[in-house]
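These protein sequence lines are chains G and V, in that order.
Here the first sequence stands for residues 5 to 217, numbered as in the working numbering.
Here the second sequence stands for residues 6 to 478, numbered as in the working numbering.
The beta-carbon is built from N, C-alpha and C at its ideal position, and this holds for glycine as well.
This structure is a prediction, so every number in the text was calculated from the model and none was measured.
Worksheet for the structure shown next.
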Amino acid sequence: MSKSRENILNYLRKQRSSVSESPDVYLPVHNWSQQEKTSRFIECMQAVRSEVHQLKDGDWISWLNKELPERNLHNVLVGQNETGEKFCQQATSSLKVQQYEKHIELWKHELFQKIDVGITTTRGGIAETGSLILWPDNDEPRLMSLVPPVHIALLEAGHLYETFAQAIHEQNWSSQMPTNALLISGPSKTADIEQTLAYGIHGPKQLIVLILG
Amino acid sequence: MNQTEAFSQRIDKALHNEQARKNFRTTMSGLMSKRAEQFPDNEELQQIRDQARAIRSHSLTNLPDLLEKLERQLVKNGIQVHWAETAEQANEIIYQILKTAKAKSLVKGKSMVSEETEMNHYLEKRGIEVLESDLGEFIIQLAHEPPSHIVAPAIHKNRQEVAELFHKFFPELGYTEDIDKMTLMARQILREKFEKADAGISGVNFAVAETGTLCLVENEGNGRLSTTSPNIHIAITGIEKVVEKLSDIPPLLSILTRSATGQPVTTYFNMISRPRQSGEKDGPQAVHLVLLDNRRSRIRMDEELLDTLRCIRCGACINHCPVYVQLGGHAYGTVYPGPIGTVLEPQRMGLDKIGTLTSACSMCGACGEVCPVRIPLPKLINRLRAESVNAERSDAQIQGKGSLRKLTEMNGWKIWKIIYSNALFYKGFCWFATRFRFITPPGISAWTNYRTAPKPAARSLSELARQEGFEDE
Numbered sequence: 005m006s007k008s009r010e011n012i013l014n015y016l017r018k019q020r021s022s023v024s025e026s027p028d029v030y031l032p033v034h035n036w037s038q039q040e041k042t043s044r045f046i047e048c049m050q051a052v053r054s055e056v057h058q059l060k061d062g063d064w065i066s067w068l069n070k071e072l073p074e075r076n077l078h079n080v081l082v083g084q085n086e087t088g089e090k091f092c093q094q095a096t097s098s099l100k101v102q103q104y105e106k107h108i109e110l111w112k113h114e115l116f117q118k119i120d121v122g123i124t125t126t127r128g129g130i131a132e133t134g135s136l137i138l139w140p141d142n143d144e145p146r147l148m149s150l151v152p153p154v155h156i157a158l159l160e161a162g163h164l165y166e167t168f169a170q171a172i173h174e175q176n177w178s179s180q181m182p183t184n185a186l187l188i189s190g191p192s193k194t195a196d197i198e199q200t201l202a203y204g205i206h207g208p209k210q211l212i213v214l215i216l217g
Numbered sequence: 006m007n008q009t010e011a012f013s014q015r016i017d018k019a020l021h022n023e024q025a026r027k028n029f030r031t032t033m034s035g036l037m038s039k040r041a042e043q044f045p046d047n048e049e050l051q052q053i054r055d056q057a058r059a060i061r062s063h064s065l066t067n068l069p070d071l072l073e074k075l076e077r078q079l080v081k082n083g084i085q086v087h088w089a090e091t092a093e094q095a096n097e098i099i100y101q102i103l104k105t106a107k108a109k110s111l112v113k114g115k116s117m118v119s120e121e122t123e124m125n126h127y128l129e130k131r132g133i134e135v136l137e138s139d140l141g142e143f144i145i146q147l148a149h150e151p152p153s154h155i156v157a158p159a160i161h162k163n164r165q166e167v168a169e170l171f172h173k174f175f176p177e178l179g180y181t182e183d184i185d186k187m188t189l190m191a192r193q194i195l196r197e198k199f200e201k202a203d204a205g206i207s208g209v210n211f212a213v214a215e216t217g218t219l220c221l222v223e224n225e226g227n228g229r230l231s232t233t234s235p236n237i238h239i240a241i242t243g244i245e246k247v248v249e250k251l252s253d254i255p256p257l258l259s260i261l262t263r264s265a266t267g268q269p270v271t272t273y274f275n276m277i278s279r280p281r282q283s284g285e286k287d288g289p290q291a292v293h294l295v296l297l298d299n300r301r302s303r304i305r306m307d308e309e310l311l312d313t314l315r316c317i318r319c320g321a322c323i324n325h326c327p328v329y330v331q332l333g334g335h336a337y338g339t340v341y342p343g344p345i346g347t348v349l350e351p352q353r354m355g356l357d358k359i360g361t362l363t364s365a366c367s368m369c370g371a372c373g374e375v376c377p378v379r380i381p382l383p384k385l386i387n388r389l390r391a392e393s394v395n396a397e398r399s400d401a402q403i404q405g406k407g408s409l410r411k412l413t414e415m416n417g418w419k420i421w422k423i424i425y426s427n428a429l430f431y432k433g434f435c436w437f438a439t440r441f442r443f444i445t446p447p448g449i450s451a452w453t454n455y456r457t458a459p460k461p462a463a464r465s466l467s468e469l470a471r472q473e474g475f476e477d478e
């Protein structure tokens with residue numbers, strides 16, 4: 005079908021061959037303080053029914069050890085990174101914690117059927133829209149934040165950006181795009197029946213954000 | 006039946022469907038107010054519209070270069086790129102990919118371009134199971150209906166109709182009209198499919214040339230599942246969707262979601278740049294992109310009509326259209342309804358096929374006012390009207406130009422021109438029309454179906470003015 009390629013490109017080139025300059029980068033600035041960024045982030049997240057908790061840096065493990073059993077979330081999936089290792093070692097005995105260590109082909113059914121909650125780190129957050137930035141990798145694969153019915157995300161308070169544009173700019177995304185980059189701004193939802201909002205259609209039914217620090 | 010009669014019949018049918026009309030009215034007014042709430046600061050709105058327009062115009066001006074750049078970058082990233090001039094070619098490319106991989110089942114994220122190519126039909130005929138996974142698309146696939154709105158495809162159905170559909174196809178799940186419960190039912194039905202499907206299909210909202218990245222905007226997570234769970238991901242998009250830089254994305258994303266559904270951002274923004282790399286444990290091992298022309302390169306030839314291709318498919322023009330809100334999407338009989346459909350579809354399919362859509366516009370201007378990329382939709386509709394009757398000669402590459410030109414209408418306007426450009430004729434005509442007003446016909450075809458026939462006044466304005474003492478100058 006490379007003939008199609010030539011035909012399309014030739015046709016597109018038939019037209020006047022004018023060239024335009026790229027528009028300037030759109031980089032609105034709010035000048036929010038750390039506190040303002042955090043409040044805005046929490047407000048946006050809660051508006052779409054996400055749960056947000058602010059914890060002191062090391063408290064997330066004890067929070068999970070207390071909350072997960074209470075919420076009947078026993079089958080826990082974590083990554084193979086430092087965070088995952090740590091929780092594996094310190095998780096309370098009533099939880100069945102496993103790391104995402106096998107290729108998906110070897111345990112897809114189990115992931116879809118048996119896991120109650122996936123816990124991931126994040127690369128940061130966006131205050132303006134209440135979004136988490138995730139760059140899944142070898143240690144924290146893509147389906148962790150998608151297939152389990154509950155997703156718990158750890159967010160460092162210091163990694164909040166005002167806007168998406170700012171995050172792309174300051175983290176220099178364009179020179180190092182990963183296989184998959186994600187913005188996650190709440191639990192899965194739909195309004196396809198009578199424009200009535202309903203949560204938990206295909207992705208996680210619940211999103212819990214733990215802001216650390 | 007000619008296209009105008011067929012359109013009239015569809016309009017008639019739509020106007021008699023009280024339930025669907027009620028659904029459209031409620032939904033559209035909801036979407037309009039949600040959009041308005043997202044733009045409290047008019048200055049910011051106008052600024053970001055300018056920015057979005059500039060980005061999209063820049064893409065179209067440099068389209069061939071950007072497409073080549075996109076291809077180079079995607080190939081470098083390990084994504085396979087295919088080019089299709091027609092819908093048929095695109096379908097065949099996708100079928101061959103699936104056949105080679107021995108893929109039998111397919112889950113789809115929402116894709117309007119695949120509606121345009123009627124891909125489902127093509128693949129199903131060749132023995133491949135195709136399942137729509139967006140809730141709205143899933144509903145209308147069960148009902149064997151086309152989408153009635155590009156963002157909310159099943160909006161013509163109310164909850165009872167959806168409940169009956171679900172019950173008919175999945176009686177084991179029980180009957181409910183509760184929207185939350187129906188949503189969970191759909192989750193349950195589709196989960197298994199996501200787990201087992203051999204391949205996933207998606208559309209593309211933006212394709213970034215600089216980094217070779219395919220961007221998808223969604224709320225449900227079905228787009229992420231379709232592009233992550235199966236071992237093959239095939240994305241299909243129109244050639245106009247490319248943008249140059251990653252930094253072009255934030256303003257486009259922001260104005261897209263705010264204009265479409267009045268959300269500051271959707272639940273998921275999914276950026277895909279590669280298939281699964283060594284060491285990664287999930288994600289598809291093969292990613293394909295099908296770039297479809299389907300007359301877009303022809304539309305781009307005309308300096309004015311080119312603006313059609315700036316569209317980012319938010320649907321705001323549809324939500325604000327007083328004609329759409331009365332008719333709904335099915336009356337248009339095309340894949341894309343509303344103002345953008347009225348502009349795009351006759352250019353894609355030919356004025357001789359569907360040019361009559363351009364008559365379904367009151368020139369109120371609402372669509373042009375809300376368009377996030379400032380497409381002058383009313384102006385383009387007017388232009389297509391002119392093209393459809395050959396009112397002015399142009400080089401535009403549209404099929405069926407002049408196909409709606411009618412001899413009676415043409416002669417009528419010729420006579421009008423003669424009378425109105427000659428003082429003596431005009432005076433004579435006024436005298437005749439006022440003195441013999443009793444012979445004006447009581448019914449003038451379609452015009453008087455819903456209106457009373459106009460009758461000339463007893464005296465013309467200039468006569469009355471003269472009586473009042475005004476003098477001719």
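Option in the options with minimal Cα separation from residue i
i      : options                        : result
V:G360 : V:M368, V:E169, V:P351, V:S367 : V:P351
G:I119 : G:L72, G:E160, G:G217          : G:L72
V:D287 : V:L147, V:N395, V:I237         : V:I237
V:Q282 : G:L186, G:W177, G:P140         : G:P140
V:I160 : V:N28, V:K358, V:I277          : V:N28
V:K130 : V:A106, V:F143, V:N96          : V:N96
V:G141 : G:P208, G:S149, G:T200         : G:T200
V:R15  : V:A336, V:T363, V:K384, V:L409 : V:A336
V:A291 : V:C376, V:I60, V:N82           : V:N82
V:Y341 : V:Y100, V:E169, V:P151         : V:P151
V:E73  : G:I12, G:L186, G:E47           : G:I12
G:V213 : G:L31, G:N35, G:E55            : G:E55
V:T9   : V:M415, V:K358, V:T457         : V:K358
V:L103 : V:I133, V:K432, V:N324         : V:I133
Distance between beta carbons of residue j and residue i, contact taken as under 8 Å
i      : j      : result
V:T271 : V:E215 : About 23 Å separates the two Cβ atoms, so there is no contact after all.
V:G208 : V:K115 : 6 Å
V:E310 : V:I317 : Rather than Glu, the amino acid found at residue 310 of chain V in this sequence is Leu. At roughly 17 Å, the Cβ-Cβ gap does not stay under 8 Å, so V:L310 and V:I317 are not in contact.
V:E90  : V:D307 : Wrong, their Cβ atoms sit about 19 Å apart, outside the cutoff.
G:L159 : G:I215 : 5 Å
V:T242 : V:L314 : With a Cβ gap of about 12 Å, V:T242 and V:L314 do not count as contacting.
V:A458 : V:P447 : 5 Å
Which residues DSSP lists as bridging residue i, in chain order
i      : result
G:K112 : Partner(s): none; G:K112 has no beta bridge.
V:C220 : V:F211, V:M276
G:K100 : G:N79
V:I237 : V:A204, V:A291
G:H173 : Bridge partners of G:H173: none, in fact.
V:W88  : V:L296
G:A157 : G:T124, G:V213
G:A185 : V:M276
G:L138 : G:L186
Interface residues of chain V facing residue i [CB-CB closer than 7 Å]
i      : result
G:I108 : K286, D287
G:D61  : By Cβ distance, chain V contributes nothing, its closest Cβ being about 28 Å from G:D61, past 7 Å.
G:A202 : I184, D185, T188
G:R218 : The structure shown does not extend to residue 218 of chain G, since chain G is modelled only from 5 through 217, so no value can be given for it.
Residues that residue i contacts on chain G, provided the C-beta gap is smaller than 7 Å
i      : result
V:N4   : Nothing can be reported for residue 4 of chain V: it is not among the residues displayed for chain V, which extend from 6 to 478.
V:R196 : F116
V:W69  : Here the sequence assigns Pro to residue 69 of chain V, which means Trp is not the residue at that position. Result: L13, L16, R17.
V:E90  : S8, N11, I12
V:D298 : I12
Cross-chain neighbours of residue i in chain G, by beta carbon under 9 Å
i     : result
V:H63 : S24, E25, S26, P27
Partner residues on chain G for residue i, Cβ-Cβ distance less than 8 Å
i      : result
V:E249 : S26
V:D203 : Those within 8 Å of V:D203 in chain G number zero; the least Cβ separation is about 12 Å.
V:E134 : Within 8 Å Cβ-Cβ: nothing; V:E134 doesn't reach chain G, min ~18 Å.
Listed by chain order, chain V residues near residue i by CB distance under 9 Å
i      : result
G:K112 : E200, K201, S234, D287
Chain C contact residues for residue i, given Cβ-Cβ distances below 7 Å
i      : result
V:M306 : Chain labels in this structure do not include chain C; the protein chains are G and V.
heavy atom of the ligand COA below 6 Å from residue i C-beta
i      : result
V:K109 : You won't find the ligand COA in this model; it holds no ligand whatsoever.
Neighbour list for residue i in chain V, Cβ cutoff strictly below 8 Å
i      : result
G:N142 : G284, E285, K286
Practice problem: Return the residues of the region 171-197 of chain G that lie within a Cβ-Cβ distance of less than 8 Å from chain V, sorted by chain order. | Solution: Across the region 171-197 of chain G, CB contacts with chain V closer than 8 Å involve I172, H173, W177, S178, M181, P182, T183, N184, A185, L186, L187, I188, S189, G190, P191, S192, K193, T194, A195, D196, I197, in sequence order along the chain.
Practice problem: Report the residues of the region 268-279 of chain V with a CB closer than 8 Å to any CB of chain G, ordered along the chain. | Solution: P269, V270, T271, T272, Y273, F274, N275, M276, I277, S278, R279
Quiz prompt | Selection of the region 112-128 of chain V by Cβ proximity to chain G, strictly under 9 Å | solution = none
Quiz item: Listed in chain order, which residues of the region 135-150 of chain V have Cβ atoms closer than 9 Å to some Cβ of chain G?
Solution: S138, D139, L140, G141, E142, F143, I144
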